[in-house]
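Before any comments, here is the structure.
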């Protein structure tokens, strides 16, 4: 029913109605294309009509969709302005918000400072505390154990008990190799260039879909890569084992700045898609603090990512 429509669904609809392209909409909103598609499908169910005509080559508004755009657009702008004013008078957001991070904050993305500054201005009674969870698996453990309220999580994170919020970062991939490895002198490589080098594996407690997305087990040509015997759990361990020539490690741009090591070189990998991170929290335990922080993050990232007019 229309009474269950969420503001986020309307925002996604309005951007897609303007862009008429799921990929550009997802990029502008810092969401996955799947998330955009799910939101539109949910909105269509609640409104009882088809908003878009979709084909493999194009997206267009239906007559119904155009009517919704024309009717809802101005009202949505007025509502957002009213809500923004209400935020400044909110007293429900208070206390401490614990945000789990790891990798020297590499996973929080480039805009976290701006997000926290804005959050502090809007909600001066709530303090953001950063908690070092040491690793990807450590972040999920801390979230499940209630040691943190939300985390900056590597995607995809398709777990029924975890809610995923706005995208924080979208980074290109690099392969960490020892400084004396022949690949260290390359300006860029394809994933097939790994050859017979052992590739790191992540902690087995992580979802298999996440592990295989972060470090794919096969290359574009279908070659199954050799895996290192034991998983890595921390950045320090990854650097040391790479420098020793025990393995190579696939990660993201920015690693060398966050975790410099004289014996490790990061080589760009050109044929893998970017890796994303997002805010995530326990689906059964949302709070006004979490919702306010996620909303602030979405707004700040949306502003800095918007194309110049």
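Residue numbers (this note's numbering): 5 to 313. Just so you know, even glycine gets a beta-carbon here, dropped at the ideal spot from N, CA and C. Being a predicted model, the structure only gives us computed values, none of them experimental.
{"Item": "Pair within 8 Å by beta-carbon distance, residue 208 and residue 305", "Value": "no"}
{"Item": "Residue 43 to residue 232 span [Cα, whole Å]", "Value": "40 Å"}
{"Item": "Range covered by the alpha helix (DSSP H) that runs through residue 280", "Value": "Run containing residue 280: none in the alpha helix (DSSP H); it sits in the beta strand (DSSP E), 279-286."}
{"Item": "The segment 196-211 touching the segment 228-243, judged by at least three CB pairs closer than 8 Å", "Value": "yes"}
{"Item": "Assigned secondary structure, residue 215 (DSSP; H/G/I helix, E/B strand, else coil)", "Value": "helix"}
{"Item": "Of the listed residues 190, 118, 133, 167, nearest to residue 178 (C-alpha basis)", "Value": "190"}
{"Item": "Close beta carbons around residue 49, own chain, < 7 Å, minus the five adjacent residues each side", "Value": "none"}
{"Item": "First and last residue of the uninterrupted beta strand (DSSP E) at residue 96", "Value": "Segment: none, residue 96 is in no beta strand (DSSP E) and carries neither H nor E."}
{"Item": "Environment of residue 57 [buried if 16+ CB atoms lie within 10 Å]", "Value": "exposed"}
{"Item": "Where residue 41 falls: helix, strand or coil (DSSP)", "Value": "helix"}
{"Item": "Residue 270: first and last residue of the uninterrupted beta strand (DSSP E) it sits in", "Value": "268-273"}
{"Item": "Residues near residue 9 by beta carbon distance below 7 Å, same chain, minus five either side", "Value": "47, 50"}
{"Item": "Span separating the alpha-carbon of residue 313 from that of residue 249", "Value": "In this prediction, residue 313 scores a pLDDT of 46, lower than 50, which makes its location untrustworthy; no coordinate-derived value is stated."}
{"Item": "Exposure label - residue 32; buried when at least 16 CB within 10 Å", "Value": "buried"}
{"Item": "Cutoff 6 Å; reference residue 276; Cβ partners in own chain excluding five residues on either side", "Value": "177, 195"}
{"Item": "Touching by the beta-carbon criterion (3+ pairs, under 8 Å), the segment 276-290 and the segment 143-158", "Value": "yes"}
{"Item": "Opposing strand residues paired with residue 133 [DSSP bridges]", "Value": "102"}
{"Item": "Proximity of residue 174 and residue 272 at Cβ, strictly below 8 Å", "Value": "no"}
{"Item": "Residue 256 versus 14, 296, 213, 107, residue with shortest Cα-Cα distance", "Value": "107"}
{"Item": "Residue 301 beta carbon less than 8 Å from that of residue 119", "Value": "yes"}
{"Item": "Start and end residues, alpha helix (DSSP H) containing residue 120", "Value": "116-126"}
{"Item": "Cβ pair count under 8 Å reaching 3, the segment 68-78 against the segment 95-104", "Value": "no"}
{"Item": "Residue 187 vs residue 219 beta-carbon contact at 8 Å", "Value": "no"}
{"Item": "Proximity of residue 38 and residue 157 at Cβ, strictly below 8 Å", "Value": "no"}
{"Item": "Residue from 7, 104, 297, 308 whose Cα sits closest to the Cα of residue 124", "Value": "297"}
{"Item": "DSSP state of residue 169 mapped onto helix, strand, coil", "Value": "strand"}
{"Item": "Closest residue to residue 184 among 251, 18, 13 (Cα-Cα distance)", "Value": "251"}
{"Item": "Between the CA atoms of residue 295 and residue 116 - distance to the nearest angstrom", "Value": "16 Å"}
{"Item": "Presumed contact (8 Å Cβ cut-off) between residue 66 and residue 54, rounded CB distance", "Value": "5 Å"}
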